[in-house]
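**Student:** Below is the structure I would like to discuss, written out as structure tokens.
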Amino acid sequence: MKEFINQGDKDTRSGFGEALTELGRNNSDVVALCADLTGSLKMNTFADENPGRFFQVGIAEANMMGLAAGLATGGKIPYTGTFANFSTGRVYDQIRQSIAYSNKNVKICASHAGITLGEDGATHQILEDIGLMKMLPGMTVINTCDFNQTKSATLEICNFDGPVYLRFGRPKVANFTNSSDKFQIGKGLMLNEGNDVTIVATGHLVWEAIKAAEKLEKNGINVEIINIHTIKPLDEDLILNSVNKTGCIVSAEEHNIFGGLGESIARLLTSKAPFPQEFIGTNDTFGESGTPIELMNKYGLNMSSIYDAVIKVINRKVK
Amino acid sequence: MSKDLDKLVIQTRRDILRMVHGVNSGHPGGSLGCVEFFVTLYNQIMEHGPNEDSKDMFILSNGHISPVYYSTLARAGYFETKELNTFRKINSRLQGHPTNHDNLPGVNISSGSLGQGLSVGIGVALSKKLNNDSSLVYVLTGDGELQEGQNWEAFMFASANKVDNIIVTIDLNGQQIDGSTEDVLDIGNLKLKLESFNWEVLEIENGNSLKDVHKTLSKAKTNSMRGRPIAILMKTIMGNGVDFMMYTHKWHGVAPNDEQLKEALNQNPETLGDY
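If you read the sequences in order, they're chains A and B. The first sequence begins at 1 in our numbering and counts up one residue at a time. The second sequence begins at 1 in our numbering and counts up one residue at a time.
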């Protein structure tokens with residue numbers, strides 16, 4: 001199997017911050033809004049370099065979404081920044097009416113997504129945001145896996161006209177994609193070709209999928225790994241081509257299995273290629289306080305859970 | 001001019017009544033209460049037009065009064081008046097609550113779920129400042145909808161950031177679905193509240209007088225760009241112009257029947273031609 005090298009642990013949110021700084025320097029239409037989390041979102045450099053184009057809105061996310069819709073109406077390209085929970089559930093109706101239904105070119109950038117936010121606990125760990133956002137007509141939903149991918153996604157969504165939800169995280173994680181990779185919205189990445197099983201992973205679970213595949217390979221199981229960064233629109237062709245070859249699939253995400261990437265894949269499989277699927281994700285539960293690694297282990301969001309799911313799904317293949 | 005605007009007021013009322021009657025749904029009360037405001041804003045105050053680039057922008061926050069908005073836009077040339085006949089019908093651009101989703105000219109944002117238009121208007125105002133565009137943003141909100149907390153986030157933001165290119169009119173008709181605003185959830189002394197939020201507050205005692213509305217909107221325009229956002233408290237009568245619809249919240253979201261329509265239209269004889 002292909003070798004994947006961690007170039008050094010880095011947080012995905014810093015990828016967002018670096019890209020936003022670049023956008024600030026290169027595109028005068030880009031504006032940024034933040035709800036009292038500038039440091040957490042790594043938006044400081046943009047704010048310092050572009051005081052006229054940075055709006056500190058205070059702890060008032062509903063207003064932030066409305067302001068962003070208005071700025072987009074006036075031709076700007078607004079990037080909003082706050083935690084994933086406050087970027088989605090807290091302001092769902094504002095996004096629905098003023099941004100999605102109104103088709104505004106707003107980039108909703110959400111850090112601290114999922115359980116790996118860690119010690120702050122369930123109030124801040126949203127595991128439902130992908131579901132919320134993918135259900136909005138016209139909304140593009142992206143969940144990036146490492147620093148490099150977050151940076152290139154942040155840059156690329158600027159070139160796309162329409163509302164986007166960009167989801168990334170808090171902890172430092174393996175940075176293994178190439179910084180030169182072109183980010184294409186809606187195009188999954190074939191990380192490794194294999195014949196026995198397809199693992200489709202998004203976000204922090206992609207690295208876990210790679211580690212699981214390495215172990216499976218040693219035990220004679222040949223794994224195809226797909227990195228889906230764009231959950232909507234889903235790269236259906238890539239997934240279908242793969243599963244038609246391997247005959248089974250494991251989806252992996254740091255999100256509730258109700259409403260996440262796995263469900264989107266299940267819908268695709270049931271209508272076009274009914275092969276067995278196993279789901280890695282949280283199972284209809286809130287999170288809790290703990291370190292990111294402790295939480296990933298407790299809630300089954302790690303390489304060993306993926307390993308077990310692969311064994312299980314292979315056994316379910318129609319003989 | 002004034003005589004023509006009087007005629008336009010009457011014709012707009014007829015449009016509203018015929019639209020809601022045509023589909024036996026919609027919100028005539030608040031629409032009738034704001035006719036003079038819309039006629040003044042679109043004919044005497046705003047610089048606007050379907051084909052102008054740099055222009056003032058209007059954001060309607062209380063989207064349920066879409067009938068008066070649609071009639072105003074049609075009679076200002078944004079689309080043909082005959083399209084008013086599609087209001088609330090299947091495959092129409094004239095949705096129950098206004099939206100830009102179907103590319104209806106003159107509508108820049110969706111509204112209906114209340115309390116969102118003020119934030120949007122402030123966002124547009126910020127973009128105008130960034131573009132060195134000296135045109136203004138006008139927002140209309142209801143009074144009941146000020147019970148939504150997002151408005152107060154927005155009021156706080158606008159004054160703190162000296163957004164002075166926005167004029168927000170609040171339709172003080174004192175009514176909402178469940179009764180008077182005082183009974184449902186008292187908004188209290190709005191003037192003092194907004195002044196304490198560091199807004200400049202102007203008042204229109206009779207929001208159903210073209211002259212009064214024009215006077216105060218003109219003053220607001222003059223006072224804009226001076227470091228503070230401007231709010232206008234405009235007292236109106238819900239259902240204005242149709243005697244049996246006035247002074248009650250009963251007609252907030254109820255359409256007249258055939259007989260009531262006939263009576264209401266008799267009180268407002270055709271002036272500029274029905275759609």
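Glycine included, C-beta positions come from ideal geometry on N, C-alpha and C.
According to the Cβ coordinates, are L5 of chain B and L265 of chain B closer than 7 Å?
**Tutor:** Contact: no.
**Student:** Which residue comes first and which comes last in the beta strand (DSSP E) that contains N192 of chain A?
**Tutor:** Run containing N192 of chain A: L189 to N192, per the beta strand (DSSP E) assignment.
**Student:** Using DSSP bridges, identify the partner residues of L140 of chain B.
**Tutor:** BP columns for L140 of chain B point to B:L60 and B:T169.
**Student:** Among all the DSSP beta bridges, which residues are the ones paired with K235 of chain B?
**Tutor:** According to DSSP, K235 of chain B bridges with B:L172.
**Student:** Give, in chain order, every residue of the region 65-88 of chain A whose Cβ lies closer than 9 Å to some Cβ of chain B.
**Tutor:** Answer set for the region 65-88 of chain A: M65, G66, L67, A68, A69, G70, L71, A72, T73, G74, G75, K76 and P78.
**Student:** Quick check: is the beta carbon of A60 of chain A nearer than 7 Å to any beta carbon in chain B?
**Tutor:** Closer than 7 Å: yes.
**Student:** Which runs of the alpha helix (DSSP H) spanning at least 4 residues fall entirely within the region 4-79 of chain A, listed in chain order?
**Tutor:** Fully enclosed alpha helix (DSSP H) runs of 4 or longer: 12-26, 44-49 and 61-73.
**Student:** Take F258 of chain A as the anchor and find which of A:I280, A:L269, A:D237 and A:P274 has the nearest alpha-carbon.
**Tutor:** When each option's Cα is compared against that of F258 of chain A, the closest is A:I280.
**Student:** Going along chain B in order, which residues have a C-beta closer than 8 Å to the C-beta of F55 of chain A?
**Tutor:** Those within 8 Å of F55 of chain A in chain B are L126 and N161.
**Student:** Helix, strand or coil: how does DSSP classify L166 of chain A here?
**Tutor:** Of the three classes helix, strand and coil, the one that applies to L166 of chain A here is strand, per DSSP.
**Student:** Could you tell me which uninterrupted beta strand (DSSP E) segments, each at least 3 residues in length, are contained entirely in the region 272-310 of chain A, listed from first to last along the chain?
**Tutor:** Runs of the beta strand (DSSP E) inside the region 272-310 of chain A: 277-282.
**Student:** Mind listing which residues of the region 41-55 of chain A have their C-beta closer than 8 Å to chain B's C-betas, in chain order?
**Tutor:** Going along the region 41-55 of chain A in chain order, one finds G52, R53 and F55 with a Cβ nearer than 8 Å to chain B.
**Student:** Can you give me the Cβ contacts of L118 of chain B inside the same chain, cut-off strictly under 7 Å, excluding the 5 residues immediately before and after it?
**Tutor:** If we look at L118 of chain B and ignore the five residues flanking it on each side, its Cβ neighbours are S61, V139, T141, N151, A154 and V168.
**Student:** What are the residues of the region 134-161 of chain B that lie near chain A, defined by any Cβ-Cβ distance shorter than 7 Å?
**Tutor:** Going along the region 134-161 of chain B in chain order, one finds Q150, E153, A154 and F157 with a Cβ nearer than 7 Å to chain A.
**Student:** Taking a cut of 7 Å between CB atoms, which residues from the region 101-128 of chain A lie near chain B?
**Tutor:** Within the region 101-128 of chain A, the residues whose Cβ lies closer than 7 Å to some Cβ of chain B are Y101, S102 and N103, listed in chain order.
**Student:** For A47 of chain A, which residues in the same chain have their Cβ closer than 8 Å to its Cβ, ignoring the five residues on either side in sequence?
**Tutor:** Cβ neighbours of A47 of chain A beyond the five flanking positions: A32, C34, T38, F54 and Q56.
**Student:** Is I166 of chain B close to chain A? Criterion is C-beta to C-beta, closer than 7 Å.
**Tutor:** Closer than 7 Å: no.
**Student:** Under a CB-based cut-off of 7 Å, is Q116 of chain B close to chain A?
**Tutor:** At least one chain A Cβ lies under 7 Å of Q116 of chain B.
**Student:** Drop a sphere of 10 angstroms on the beta-carbon of E205 of chain B, count the other beta-carbons inside from all chains shown, and report buried for 16 or more, exposed for fewer.
**Tutor:** Under this definition E205 of chain B is an exposed residue.
**Student:** Can you look up N43 of chain B in the DSSP assignment and give me helix, strand or coil?
**Tutor:** Of the three classes helix, strand and coil, the one that applies to N43 of chain B here is helix, per DSSP.
**Student:** So, for A231 of chain B: in the same chain, excluding its five sequence neighbours on each side, which residues have a beta-carbon less than 6 Å away from its beta-carbon?
**Tutor:** Correct list, in chain order: V168, L194, W199 and V201.
**Student:** Within its chain, find whatever has a CB closer than 8 Å to the CB of L17 of chain A; leave out the 5 residues flanking it on each side and keep chain order.
**Tutor:** Note that residue 17 of chain A is Gly in the sequence shown, not Leu. So the qualifying residues of the chain are L41, K42, M43, N44, T45 and F46.
**Student:** By DSSP, does K211 of chain B sit in helix, in strand, or in coil?
**Tutor:** If DSSP states are grouped into helix, strand and coil, K211 of chain B belongs with the helices.
**Student:** Check whether the region 255-273 of chain B and the region 227-242 of chain B touch, using three or more Cβ-Cβ pairs below 8 Å as the test.
**Tutor:** Flag = yes, the region 255-273 of chain B and the region 227-242 of chain B touch.
**Student:** Let me confirm a value: M46 of chain B is counted as buried when at least 16 other C-beta atoms fall within 10 Å, else exposed. Which label applies?
**Tutor:** By the 10 Å Cβ count, M46 of chain B comes out buried.
**Student:** Along chain A, which residues have their Cβ under 8 Å away from the Cβ of T99 of chain B?
**Tutor:** The contacting residues are Y101 and S102.
**Student:** Listing by chain order, which chain A residues have their CB less than 8 Å from the CB of G112 of chain B?
**Tutor:** Chain A residues near G112 of chain B: Q97.
**Student:** So, does the CB of V107 of chain B fall closer than 7 Å to a CB anywhere in chain A?
**Tutor:** For V107 of chain B, the answer is no, since every Cβ of chain A falls outside 7 Å of its Cβ.
**Student:** How big is the Cα-Cα spacing for G33 of chain B and G26 of chain B?
**Tutor:** Distance between the alpha carbons of G33 of chain B and G26 of chain B: 14 Å.
**Student:** I122 of chain B touches chain A at which residues, Cβ-Cβ below 7 Å?
**Tutor:** Those are L67 and G70, listed as they occur along chain A.
**Student:** Roughly how many angstroms separate the alpha carbons of P256 of chain B and A125 of chain B, rounded to a whole number?
**Tutor:** Each residue's alpha carbon lies about 38 Å from the other.
**Student:** Taking CB distances under 7 Å as the criterion, tell me whether S92 of chain B reaches chain A.
**Tutor:** By this cut-off, S92 of chain B is not an interface position.
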